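These notes concern the structure reproduced below.
Residue numbers (the UniProt record's numbering): 1 to 220.
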């Protein structure tokens with residue numbers, strides 16, 4: 001059985017390293033990868049199942065980190081903030097067909113025009129989606145590739161995730177939309193795989209982490 005960990009970091013904005021990491025999706029990626037072993041081989045983020053997103057809660061940001069290996073929080077700088085880890089495995093294994101869940105995902109909703117379209121119109125290789133187009137993208141992703149049947153969608157445009165690769169100074173840009181709502185579980189096995197793997201592009205830079213919470217019904 002797969003073990004899944006969720007770490008919640010409440011960073012201190014007084015720390016210079018925190019401010020730097022929050023300003024760069026690339027810097028945040030490298031910071032969080034430092035919490036794990038170095039010798040995991042090719043594609044370490046994928047091997048470790050590392051996904052993250054940053055959320056604003058009032059004046060205090062929160063960093064959510066999901067992984068299949070428990071992070072070593074002692075590797076955070078001493079003034080970085082408060083962090084705690086919990087085991088998400090019970091929730092993962094409790095998924096059943098027909099149950100209702102609340103979901104949240106910050107995703108890079110995009111369209112990729114075909115070669116012919118690009119050649120004839122000059123369209124870029126990747127087009128960020130907004131508004132109703134972004135909602136339709138998430139609807140397709142959820143129902144065709146994720147094992148959910150959506151019953152409600154609320155989308156919120158977010159700032160673009162940005163950064164610069166250290167090795168070649170190339171820019172990183174991923175448009176982000178947060179999707180919240182409720183859904184029914186149609187395919188729990190597929191849903192588990194998508195939770196573990198992440199959804200869409202930009203997984204190294206704060207996109208693709210799908211979190212769920214069961215909806216409990218009050219008795220009459």
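The beta carbon of each residue, even a glycine, is placed where N, CA and C say it ideally should be. Small disclaimer: the values here were computed from a predicted structure and weren't measured.
- In the displayed model, residue 64 falls within a strand according to three-state DSSP.
- The three-state secondary structure of residue 174, taken from DSSP, is strand.
- Here residue 13 is exposed. Its C-beta has fewer than 16 other C-beta atoms within 10 Å.
- Taking the Cβ atoms as the reference, residue 7 lies roughly 4 Å from residue 65, within the contact range of under 8 Å.
- Annotation for residue 134: the continuous alpha helix (DSSP H) segment containing it runs 131-145.
- Counting only runs of at least 4 residues, the region 14-60 fully encloses the following alpha helix (DSSP H) elements, listed from N- to C-terminal order: 16-23, 25-33 and 44-48.
- Assigned with DSSP and collapsed to three states, residue 180 falls in strand.
- Rounded to the nearest angstrom, the Cβ distance from residue 150 to residue 139 is 6 Å, consistent with a contact under 8 Å.
- DSSP places residue 168 outside both helix and strand once states are collapsed to three, so it counts as coil.
- Residue state for residue 203 is assigned as helix, using DSSP reduced to three classes.
- In the same chain as residue 159, and ignoring 5 residues on each side of it, the C-beta atoms closer than 8 Å to its own belong to 176, in chain order.
- Residue 161 is positioned such that its CB atom lies no closer than 8 Å to that of residue 23.
- Proximity to residue 60 across 77, 51, 82 and 42 peaks at 82, based on C-alpha coordinates.
- Assignment of residue 74 by DSSP, reduced to helix, strand and coil, places it in the helix class.
- Nearest to residue 156 by C-alpha distance, out of 34, 165 and 181, is 181.
- With contacts defined as CB atoms closer than 8 Å, residue 213 and residue 62 fail to qualify as a contacting pair.
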